[in-house]
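Peer 1: Before I ask anything, let me first share the structure, which is written out below as structure tokens.
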Amino acid sequence: MAFAIQFVIDVLSLGGAYALMALGLVIIYGILRLVNFAYGELIMVAGYTMYLSSGSSLPWLVMAVLAVGMAVLFGILTDYAAFRPVRAKSVTAVLITSFAFSNLLQNAALLFISPRPRNVPLPEIFSQTVSIGGAITPVRNLITIAASIVLLAAVAFLMRKTTLGIAMRAAATNFTMARMLGVPANLIISSAFALSGFLAGVVGILWIGRIGTVVPGIGLEPLLVAFIATVIGGMRSLPGAVVGGFLLALIDTTLNYTLSQDLLKFRDAFTFSLVILILLWRPEGLIKGPASGQRT
Amino acid sequence: MLEITGLSINYGAIRAVRGVSFSVGKGELVSLLGANGAGKSSTIKCIAGALKAAEGSILLEGRDITAANPEQVIRAGLATVPETRDVFPDLTVAENLMLGAYIHRRDQVGNRQNLEKLHTLFPRLAERSSQPAGTLSGGEQQMLVIARALMARPSVLLLDEPSLGLAPAIVERIFEMIETLKKSGLTILLVEQNVNQALSVADRAYVMRLGTIVASGTAEEIRSTSDLSAHYLGG
Amino acid sequence: MKHAYLTALILIAVVAALAVGSQLLGIRLYDRIATNLLISLVLVVGLQTFMGNSGLLSFAHIGFMGLGAYTSAVLTIPAQMKGMALPDLYEFMTVLEVSPLLAMLAAGVVAALVAAVVAYPLMRLSDAAAVITSFALLVVLYTVMNNWSALTNGPRTLFGLPKTTDMPIAAVVAAIVIVIALLFKESRTGKLLRASREDEVAAAALGANIPHLRWRAFILAAFIAGVGGALWGHFITSFAPKAFYLKETFLIITMLVIGGANTVTGAVAGTILVTFAYEGLRGTEGALNATAIGAGQVVGLTEIVLALAMIAVMIVKPGGLFPNREIGHILTRTRRKKEIVS
Numbered sequence: 386m387a388f389a390i391q392f393v394i395d396v397l398s399l400g401g402a403y404a405l406m407a408l409g410l411v412i413i414y415g416i417l418r419l420v421n422f423a424y425g426e427l428i429m430v431a432g433y434t435m436y437l438s439s440g441s442s443l444p445w446l447v448m449a450v451l452a453v454g455m456a457v458l459f460g461i462l463t464d465y466a467a468f469r470p471v472r473a474k475s476v477t478a479v480l481i482t483s484f485a486f487s488n489l490l491q492n493a494a495l496l497f498i499s500p501r502p503r504n505v506p507l508p509e510i511f512s513q514t515v516s517i518g519g520a521i522t523p524v525r526n527l528i529t530i531a532a533s534i535v536l537l538a539a540v541a542f543l544m545r546k547t548t549l550g551i552a553m554r555a556a557a558t559n560f561t562m563a564r565m566l567g568v569p570a571n572l573i574i575s576s577a578f579a580l581s582g583f584l585a586g587v588v589g590i591l592w593i594g595r596i597g598t599v600v601p602g603i604g605l606e607p608l609l610v611a612f613i614a615t616v617i618g619g620m621r622s623l624p625g626a627v628v629g630g631f632l633l634a635l636i637d638t639t640l641n642y643t644l645s646q647d648l649l650k651f652r653d654a655f656t657f658s659l660v661i662l663i664l665l666w667r668p669e670g671l672i673k674g675p676a677s678g679q680r681t
Numbered sequence: 039m040l041e042i043t044g045l046s047i048n049y050g051a052i053r054a055v056r057g058v059s060f061s062v063g064k065g066e067l068v069s070l071l072g073a074n075g076a077g078k079s080s081t082i083k084c085i086a087g088a089l090k091a092a093e094g095s096i097l098l099e100g101r102d103i104t105a106a107n108p109e110q111v112i113r114a115g116l117a118t119v120p121e122t123r124d125v126f127p128d129l130t131v132a133e134n135l136m137l138g139a140y141i142h143r144r145d146q147v148g149n150r151q152n153l154e155k156l157h158t159l160f161p162r163l164a165e166r167s168s169q170p171a172g173t174l175s176g177g178e179q180q181m182l183v184i185a186r187a188l189m190a191r192p193s194v195l196l197l198d199e200p201s202l203g204l205a206p207a208i209v210e211r212i213f214e215m216i217e218t219l220k221k222s223g224l225t226i227l228l229v230e231q232n233v234n235q236a237l238s239v240a241d242r243a244y245v246m247r248l249g250t251i252v253a254s255g256t257a258e259e260i261r262s263t264s265d266l267s268a269h270y271l272g273g
Numbered sequence: 025m026k027h028a029y030l031t032a033l034i035l036i037a038v039v040a041a042l043a044v045g046s047q048l049l050g051i052r053l054y055d056r057i058a059t060n061l062l063i064s065l066v067l068v069v070g071l072q073t074f075m076g077n078s079g080l081l082s083f084a085h086i087g088f089m090g091l092g093a094y095t096s097a098v099l100t101i102p103a104q105m106k107g108m109a110l111p112d113l114y115e116f117m118t119v120l121e122v123s124p125l126l127a128m129l130a131a132g133v134v135a136a137l138v139a140a141v142v143a144y145p146l147m148r149l150s151d152a153a154a155v156i157t158s159f160a161l162l163v164v165l166y167t168v169m170n171n172w173s174a175l176t177n178g179p180r181t182l183f184g185l186p187k188t189t190d191m192p193i194a195a196v197v198a199a200i201v202i203v204i205a206l207l208f209k210e211s212r213t214g215k216l217l218r219a220s221r222e223d224e225v226a227a228a229a230l231g232a233n234i235p236h237l238r239w240r241a242f243i244l245a246a247f248i249a250g251v252g253g254a255l256w257g258h259f260i261t262s263f264a265p266k267a268f269y270l271k272e273t274f275l276i277i278t279m280l281v282i283g284g285a286n287t288v289t290g291a292v293a294g295t296i297l298v299t300f301a302y303e304g305l306r307g308t309e310g311a312l313n314a315t316a317i318g319a320g321q322v323v324g325l326t327e328i329v330l331a332l333a334m335i336a337v338m339i340v341k342p343g344g345l346f347p348n349r350e351i352g353h354i355l356t357r358t359r360r361k362k363e364i365v366s
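Take a look at the structure:
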């Protein structure tokens with residue numbers, strides 16, 4: 386029983402984080418049909434903001450808000466630096482500029498901060514554990530589950546009930562038509578990047594909370610997770626991203642429990658093989674996105 | 039009301055529209071006729087701001103909207119219903135209509151009144167309010183895009199081939215509706231291939247062929263022009 | 025077709041000029057830079073065969089280079105050294121010792137085989153998903169190299185490769201790869217692929233099985249990457265999996281993109297240009313580190329400048345320096361124009 390509880394908590398907390406990561410990537414992809422390779426660096430930005438503000442006497446929550454704010458800011462900055470100038474030219478051009486921008490941010494962190502890990506301030510509660518039904522689990526896992534439930538619900542509310550969200554969904558299927566109704570293209574795109582940055586910021590704090598330090602390459606794993614989860618779930622569907630995130634977490638956690646120490650090192654390779662199998666079966670991913678959709 | 043002068047449009051290296059001039063007066067229903075590839079839809083898209091004009095000018099109530107982008111054109115009071123019948127398929131009918139009123143989103147009361155008015159005009163849409171627009175029939179989708187455009191409370195409505203691909207009975211109904219809209223005082227530019235239907239509701243008409251206007255006049259004049267079918271089929 | 029010969033001739037002449045030029049200068053450093061450049065050339069031209077023809081970005085290329093380097097290492101490290109270099113190597117492999125040339129071919133074949141197996145389902149994916157999975161593939165290849173200690177010595181440096189690559193050999197391989205890339209571009213597969221890049225629907229209507237065509241190009245690119253990896257391994261003689269990861273991926277993509285991914289000429293031009301820029305910047309970094317202000321702290325400056333250059337090129341000239349036509353084509357055209365004028 387305790388094992389089952391442990392397993393479920395692991396899957397849910399990992400899956401929540403994965404789902405948020407994937408969601409942040411798909412929000413951009415859904416609207417622009419463009420992949421943001423600099424997405425992982427938003428998590429890095431959140432981490433370094435925490436590190437840089439750790440010297441101040443600000444309460445932790447303020448630091449966290451600041452970190453999320455910086456991630457939002459850099460999200461919007463990504464649009465201006467890597468997307469807007471080349472958006473109309475070609476898909477490959479944007480892939481390359483966002484990849485270059487990702488390298489730029491990473492190396493800036495390397496140059497101006499340090500290649501070595503830096504400690505990130507975390508509240509006491511992140512390192513405490515509780516016992517649930519005999520299973521001992523870190524409190525931060527429960528925080529992650531709670532945070533992801535709240536955020537997923539908030540994103541669902543935003544996309545279903547607010548004018549901005551409905552306009553974003555409309556823009557994802559037919560950008561030109563949305564503009565013809567008066568929905569400003571730039572507002573939609575900036576909102577998408579801001580939302581993406583917001584999700585990256587929150588997930589960044591939760592993610593870094595597991596290790597307690599930040600390095601320039603911290604964004605790689607979340608980026609990869611978001612990539613794989615979105616490919617599994619379907620590149621253009623928001624629910625697909627969430628499903629993909631939880632499914633990937635289920636696969637990873639199962640492998641964590643079943644593989645021997647020797648094989649565990651190859652976990653990513655096993656996960657990837659499973660992804661290939663899923664894609665052989667469904668090249669579009671599990672959930673198909675909106676029916677139509679041209680790029681702008 | 040709407041004044042187009044010397045408009046030219048390029049599609050890549052091809053000049054799709056060459057020096058077209060026409061006008062639509064207040065409260066008028068003007069029809070733009072022509073075969074496939076005559077340049078009608080390019081003209082419409084250009085007026086709507088979705089295509090850039092290479093030359094010429096577009097004036098709306100005396101304001102120059104030639105270089106305006108789509109979101110500025112609708113704010114200037116010109117709504118467009120494109121021929122591709124672009125409903126947002128995953129959004130419900132109500133959400134589609136709500137987006138139609140995007141530029142008036144602060145005026146909830148006005149929107150509600152407008153919506154009620156449209157629901158009496160299109161009772162079908164009221165019934166299907168919470169259904170995804172993608173599940174509607176072709177005729178219902180056409181009604182939805184027209185109703186959505188009207189939610190913006192435009193002073194000029196551009197209708198691009200509202201009869202395209204619809205059954206005759208439904209085409210009949212759509213044209214009845216267009217008459218109703220005209221009677222309400224709305225200025226309408228109607229692009230059609232269905233010449234007889236279009237002329238039955240239009241005050242005046244222009245005929246386009248290969249990117250230029252080859253004939254113009256009142257609906258009667260155009261109807262009585264013997265070489266109309268030659269222009270039309272030859273396009 | 026005639027201009028393709030001219031292109032081959034010019035590009036090979038460029039390779040020869042680099043080789044001879046660096047020898048004439050007679051400075052060891054320049055020899056090293058020139059050899060590195062020629063090896064990069066092999067990798068970048070290899071990437072061009074996939075990316076230039078299919079129009080898809082691939083991030084996995086450097087991973088296949090790594091496969092090639094490790095394959096060749098296992099095959100060529102002298103038997104008596106293997107106990108030290110690869111203590112956990114499988115028994116039957118410890119006696120293997122083949123000639124470096126054979127090992128280089130084997131490196132290409134292994135990389136191509138792995139590519140053939142893993143890439144088959146990926147080539148059916150739409151553009152963005154294909155790029156994403158190629159990125160994931162790079163990470164997986166890296167994970168495997170980093171952890172399969174028996175074959176790679178894990179994350180630790182593997183040493184003991186015989187130093188068999190010198191500048192002339194690198195130049196010869198680079199020239200051969202350039203010819204292969206040009207031949208592939210003009211082959212039926214290459215032409216259909218390029219047609220699919222412009223218009224997927226039309227190419228499919230012509231009967232082109234696009235995933236299959238992409239797959240062939242991907243295998244060829246992986247083969248060349250494997251050969252390039254072996255070539256590099258026998259030049260540097262010791263390396264760790266770190267050498268086949270994001271930094272290097274960024275570098276070869278920068279080279280190809282700045283030069284122009286659609287042409288072999290672009291691949292060659294980009295490699296030369298970026299190598300010079302890179303060496304110049306590294307030198308500056310080193311000089312800064314030697315001063316009191318830098319004090320060994322300046323890292324990443326080169327990458328920052330290259331990233332900015334890449335974004336700038338994408339904005340100003342999204343197709344790179346040679347976006348459409350090979351050098352031979354450009355020259356014959358201008359000559360024809362001159363003839364018409366006169």
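Top to bottom, those sequences are chains E, Y and P. If you count by this note's numbering, then the first sequence holds residues 386 to 681, one letter each, in order. If you count by this note's numbering, then the second sequence holds residues 39 to 273, one letter each, in order. If you count by this note's numbering, then the third sequence holds residues 25 to 366, one letter each, in order. Beta carbons are placed, not taken as given, at the ideal position from N, Cα and C, and that holds for glycine. Predicted model only: the values in this text are computed from it and were never measured.
(1) Which of the three DSSP states, helix, strand or coil, is assigned to I103 of chain Y?
(2) Got a sec: is the Cβ-Cβ distance from V524 of chain E to anything in chain Y below 7 Å?
(3) List, in chain order, every chain E residue whose beta-carbon is nearer than 7 Å to that of D124 of chain Y.
(4) Quick check on this structure: which residue in P:F74, P:L49, P:L33, P:A32 has the alpha carbon closest to the alpha carbon of K215 of chain P?
(5) When the Cα of L462 of chain E is compared with those of E:L437, E:A478, E:M448, E:L490, which residue comes out closest?
(6) Please confirm if L405 of chain E has its CB atom under 7 Å from at least one CB of chain P.
(7) Less than 7 Å between the C-beta atoms of I226 of chain Y and L195 of chain Y, yes or no?
(8) Who are the near neighbours of R221 of chain P in its chain, counting only those whose CB is closer than 6 Å to its CB and skipping five residues on each side?
(9) Per the DSSP calculation, I248 of chain P is bridged to which residue(s)?
(10) Could you check what DSSP says for A227 of chain P in three-state terms: helix, strand or coil?
(11) DSSP three-state label for N641 of chain E, please.
(12) Listing by chain order, which chain P residues have their CB less than 7 Å from the CB of F612 of chain E?
(13) Hey, how far is the Cα of I574 of chain E from the Cα of G231 of chain P?
(14) Since S487 of chain E and F583 of chain E are thought to touch, with beta carbons under 8 Å apart, how far apart are those beta carbons, to the nearest angstrom?
(15) Any beta-carbon of chain E closer than 7 Å to the one on R306 of chain P?
(16) Would you verify that the beta carbon of T548 of chain E is, or is not, closer than 7 Å to some beta carbon of chain Y?
(17) Quick one: residues in its chain with C-beta nearer than 7 Å to the C-beta of A58 of chain P, no 5 flanking neighbours on either side, listed in chain order?
(18) Whole angstroms is fine: what's the gap from M386 of chain E's alpha carbon to G519 of chain E's?
(19) Just curious, the alpha helix (DSSP H) that S46 of chain P is in, first and last residue?
(20) Between the alpha carbons of A494 of chain E and G324 of chain P, how many angstroms are there, rounded?
(21) Output, in chain order, the set of chain P residues within a Cβ distance shorter than 8 Å of F486 of chain E.
(22) Count the other CB atoms within 10 Å of the CB of T315 of chain P; is the residue buried (16 or more) or exposed (fewer)?
(23) Taking the straight line between their C-alpha atoms, what separation do you get for I354 of chain P and L219 of chain Y?
(24) M108 of chain P: buried (16+ other C-beta within 10 angstroms of its C-beta) or exposed?
(25) Within 10 angstroms of the Cβ of E426 of chain E, are there 16 or more other Cβ atoms? Answer buried if so, exposed if not.
(26) Taking F74 of chain P as part of the alpha helix (DSSP H), name the residues at either end of that continuous run.
(27) Please check if any C-beta of chain Y sits within less than 7 Å of the C-beta of P569 of chain E.
(28) If you measure from the beta carbon of M639 of chain E to each beta carbon in chain P, is any gap under 7 Å?
(29) Considering only their Cβ atoms, is the gap separating G115 of chain Y from P192 of chain Y smaller than 7 Å?
(30) Sorted by chain position, which residues of the same chain lie with C-beta nearer than 6 Å to R564 of chain E's C-beta, five sequence neighbours on each side aside?
(31) Okay, do the stretch 408-417 of chain E and the stretch 591-600 of chain E touch, 3+ Cβ pairs below 8 Å being the bar?
(32) Quick one: Cα of T263 of chain Y to Cα of M246 of chain Y, how far?
(33) Can you give me the Cβ contacts of G203 of chain Y inside the same chain, cut-off strictly under 7 Å, excluding the 5 residues immediately before and after it?
(34) Please classify R680 of chain E: is it buried, with 16 or more other beta-carbons within 10 angstroms of its beta-carbon, or exposed?
(35) Return no unless some Cβ of chain P is closer than 7 Å to the Cβ of Q679 of chain E.
(36) Return helix, strand or coil for I498 of chain E, following the three-state DSSP convention.
Peer 2: According to the data block:
(1) coil
(2) no
(3) N559, M562
(4) P:F74
(5) E:L490
(6) no
(7) yes
(8) G79
(9) DSSP output for I248 of chain P lists no bridge partner at all.
(10) helix
(11) helix
(12) I156, F159, A160
(13) 38 Å
(14) Incorrect: roughly 19 Å between the Cβ atoms, too far for contact.
(15) no
(16) yes
(17) L42, A43, S46, M191
(18) 8 Å
(19) 26-49
(20) 9 Å
(21) A331, I335
(22) exposed
(23) 60 Å
(24) exposed
(25) buried
(26) 52-78
(27) yes
(28) Here residue 639 of chain E turns out to be Thr, not Met, going by the sequence shown. No, T639 of chain E does not count as interfacial toward chain P.
(29) yes
(30) A570
(31) no
(32) 14 Å
(33) G176
(34) Because R680 of chain E sits at a pLDDT of 37, beneath the cut-off of 50, its placement in the model cannot be relied upon, and the following sentence gives the value as read from the coordinates. Exposed, since its Cβ has fewer than 16 Cβ neighbours within 10 Å.
(35) Low confidence applies to Q679 of chain E: its pLDDT is 39, below 50, so where it sits in the model is not reliable enough to give any reading.
(36) coil
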